[in-house]
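Quick notes on the structure that follows.
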Amino acid sequence: MNAVIPQPERQETTTPGPGPHPRGPWRIQVEDDRLAAMAGTVQALLEPHVGAGAATGGAPAVLTLALDDSLRPHGRTVGVAPCGAAEPVDESYRLTVTGTGITCRAATPTGVFRAAATALQLIATSSGPLPRQELRDAPHFAWRGLLIDPARRHLTPGEVRRVIDLAALYKLNVLHLHLTDNEGWRLELPGTPELTAPERGGAAQDFYTVEEYRALQRYAAERFVTVVPEIDLPGHCATLREALPGLPEAPAPEGLKGRFPYVPPLDLADPGTRKAVAAVLADVCALTEGPFVHIGGDEAVGATPDSFSHAIRELRSLVRESGRRPLAWQESSRAGISPDDIAQYWVDVPMMDLPDTAEELAGRPELLAAGHTPELIAALKGFFAPSDGDLARILEGGGRVILSPQSHLYLDRAYAPEVVPPAEAAAARRLGFPTYRPLGVRHTAAWDPASHTIPGDRVAGVEATVFGESVEGLDDVTFLMLPRLPSVAAAAWTGRAPRWDDHRLRVARHARLWRQRGFGYLASTEIPWDEAGTDEAGTGEACADGAG
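Below is the structure:
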């Protein structure tokens with residue numbers, strides 16, 4: 124079998140005999156001048172996998188990129204196109220491996236690039252000649268995203284580019300940048316320089332300049348990935364309040380004192396606050412090439428229902444006035460929702476996996492270690508109780524849903540101790556949000572988008588998240604993402620959970636790809652790394668079965 128993730132919808136062996144050797148040398152060829160720029164992007168993505176030490180001589184194998192207007196879309200893609208198109212873009216493709224190379228053919232440049240990502244996976248995960256084969260595929264969901272959190276732990280532009288490359292290789296097409304939170308503000312805004320002023324402390328430059336942000340968007344667009352910035356308001360606003368002191372604030376509600384870190388949410392009914400936020404969002408929208416700006420809307424601890432609803436309506440209006448489409452976390456539905464609104468669903472029922480009694484709490488070491496008491500558990504349950512009605516509110520209002528259920532798609536969840544090899548136990552104990560129940564890779568892979576019983580035409584797409592409360596840098600981010608991210612990518616592309624017995628074998632072969640790109644990962648005991656020729660430390664030789 125090949126080890127492509129997501130597994131292609133249609134695959135068949137063609138003529139007998141070996142195909143090209145994955146280690147090259149390879150030459151990129153285009154059959155249409157419209158793909159000339161793409162050739163350079165594909166070459167750059169290919170280089171880590173065919174470096175010095177290529178095992179073959181003779182003529183280079185050819186990776187051909189071709190547009191073919193005669194190809195018709197197969198399958199039906201549903202959801203919201205991140206690029207802003209009225210209907211999902213045709214991303215279907217046909218890939219053929221012959222004796223001399225690989226041809227990536229599609230009716231659109233986007234489809235050609237998705238085929239190229241498949242070709243790069245074939246090359247990166249194989250150690251012997253590729254079997255001659257034909258693959259045909261198309262995505263189920265139009266929006267396939269990944270959130271990273273530089274607000275809590277800054278990632279350099281170079282590190283973000285590496286994440287974009289990884290996302291593109293798994294056919295993800297949205298990079299959601301959580302740019303602001305209580306811990307940091309990571310985007311320079313010309314109209315509000317106080318937000319990134321040097322006197323606010325921190326590293327010499329722990330934010331993205333205007334030009335760096337623009338360059339990241341260009342880099343992502345070359346890989347058919349749309350950047351969606353998040354400015355998390357009206358809560359999560361400590362850095363904004365620090366930069367703009369004097370904005371009015373309400374006292375903490377009596378029942379929450381001492382139970383949550385309290386940052387007064389912004390009151391957009393105050394003219395000065397609204398003016399400041401309007402300047403911020405106008406700049407963010409002006410700097411953002413894509414059509415969407417995320418306004419946050421989650422966990423506005425202490426906001427009254429009326430104040431919160433007013434804030435969400437104002438934030439949506441300000442983004443629309445600046446020519447962009449707003450989206451927000453599911454709590455935004457409490458302000459009302461319309462068919463033009465998109466809400467990101469994260470507080471699913473399993474997330475509220477909290478004990479009801481002191482005896483049950485005693486069996487949750489992760490909660491005890493985080494200092495949770497029965498009283499705090501009760502306060503958490505009360506705070507999140509309104510979330511039970513959010514999904515119904517979204518659907519009743521005609522809105523669309525991005526599926527990011529915390530129970531399965533929050534990849535900042537600690538790994539279950541029983542799947543962690545001893546050599547990685549210390550890192551596994553350190554990483555992950557402290558109150559989430561630790562679980563294994565199979566749990567993520569078991570997620571079925573259809574389990575939420577949302578009408579198919581109301582699902583905008585799927586997005587995994589890696590929030591940064593526990594991380595210290597990119598190595599920690601990839602340790603949490605890998606090997607779980609491919610499972611989310613598979614569900615987002617196919618619309619269903621991958622078959623575990625097959626998927627775990629494919630994941631094992633991807634250790635080669637991650638190592639070649641310099642990414643660390645958890646060598647979960649659930650994955651048969653040895654069967655793929657990969658030792659559990661993540662440094663072994665790749666598989667020797669010669670399958671593509």
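The opening residue of the sequence shown carries number 124 in my numbering; numbering runs sequentially from there.
Note that the Cβ used here is the ideal one computed from N, Cα and C, for glycine as well.
Here the structure is a predicted model, which means the values were calculated and not measured.
Does the pairing of the region 311-320 with the region 404-414 give three or more beta-carbon distances under 8 Å? yes
For the putative contact between R619 and V203, defined by C-beta atoms under 8 Å, what is the C-beta separation to the nearest angstrom? Going by Cβ atoms, the distance from R619 to V203 rounds to 19 Å, so no, they are not a contact pair.
Give the range of the alpha helix (DSSP H) segment to which L298 is assigned. Element bounds for L298: not the alpha helix (DSSP H) but the beta strand (DSSP E), 297-301.
Helix, strand or coil for P145 per DSSP? coil
Go through its chain and collect everything with a Cβ distance to V630's Cβ below 8 Å, but skip five positions before and after it. Correct list, in chain order: I128, V564, P606, P609, S610, I650.
Is DSSP giving L477 helix, strand or coil here? coil
Three-state class that DSSP yields for R133 in the structure shown: strand
When you compare the CB positions of R150 and V201, do they come within less than 8 Å of one another, or not? no
Under a three-way DSSP split, which group does L292 fall into? helix
What does DSSP give as the partner residues of G459 in its beta bridges? Partner(s): none; G459 has no beta bridge.
Continuous alpha helix (DSSP H) stretch holding Y342: start and end: 333-345
Excluding the five sequence neighbours on either side, which residues of its own chain have a C-beta within less than 6 Å of the C-beta of T315, listed in chain order? Answer for T315: A402, V403, listed in chain order.
From Q130 to L628, what does the alpha carbon distance come to, in whole angstroms? 12 Å
Just to confirm before moving on: does the CB-CB distance between P143 and P252 stay below 8 Å? yes
Please name the residue, chosen from P572, N305, R276, R536, that lies closest to T558 on a Cα-to-Cα basis. R536
So, at 7 Å on beta carbons, what are the nonlocal neighbours of A568 in its own chain, with the 5 sequence-adjacent residues on each side left out? S610, A620, P621, W623, H626
What does the alpha-carbon distance come out to for the pair W570 and L562? 13 Å
Quick check: the Cα distance between F556 and R217, rounded to an integer number of angstroms? 41 Å
Which full runs of the alpha helix (DSSP H) of 4+ residues lie inside the region 230-255, going along the chain? 232-247
For P262, which three-state DSSP category applies? coil
Taking W469 as part of the beta strand (DSSP E), name the residues at either end of that continuous run. Per DSSP, W469 belongs to no beta strand (DSSP E) and is neither H nor E.
May I have the straight-line CA-CA distance separating G279 from D329, to the nearest angstrom? Looking at the sequence shown, residue 279 is not Gly but Thr. The straight-line gap from Cα to Cα measures roughly 8 Å.
Assuming contact is defined by CB atoms lying nearer than 8 Å, are I354 and G459 in contact in what I supplied? The answer is no: Cβ separation not under 8 Å.
Per DSSP, the bridge partner or partners of A587: Answer is L269, bridged to A587.
Identify whether R276 lies in helix, strand or coil by the three-state DSSP scheme. Here R276 sits in coil by DSSP.
Mind checking L491: buried by the 16 CB within 10 Å criterion, or exposed? L491 counts as exposed, since fewer than 16 other beta carbons sit within 10 angstroms of its beta carbon.
Distance check for V424 and Y385, CA to CA, integer angstroms please. Looking at the backbone, the Cα of Y385 and that of V424 are separated by about 7 Å.
What's the gap between the Cα of V543 and the Cα of M604? 14 Å
What is the DSSP secondary structure of C360, counted as helix, strand or coil? coil
Helix, strand or coil at F431 according to DSSP, with G and I counted as helix: If DSSP states are grouped into helix, strand and coil, F431 belongs with the helices.
Determine, using beta carbons only, whether Q256 and E132 come nearer to each other than 8 Å. Taking 8 Å as the Cβ cut-off, Q256 and E132 do not qualify as a contacting pair.
When DSSP labels each residue in this structure, what does A620 get in the three-state scheme? coil
CB-CB under 7 Å to Q529, same chain, minus the five flanking residues each way: which ones, in chain order? W469, V470, D471, M474
Say whether the region 338-355 touches the region 284-296, bearing in mind that this needs 3 or more beta-carbon pairs closer than 8 Å, one atom from each stretch. yes
Please report the distance separating the alpha-carbon of R436 from that of G207. 22 Å
Quick one: residues in its chain with C-beta nearer than 6 Å to the C-beta of L503, no 5 flanking neighbours on either side, listed in chain order? none
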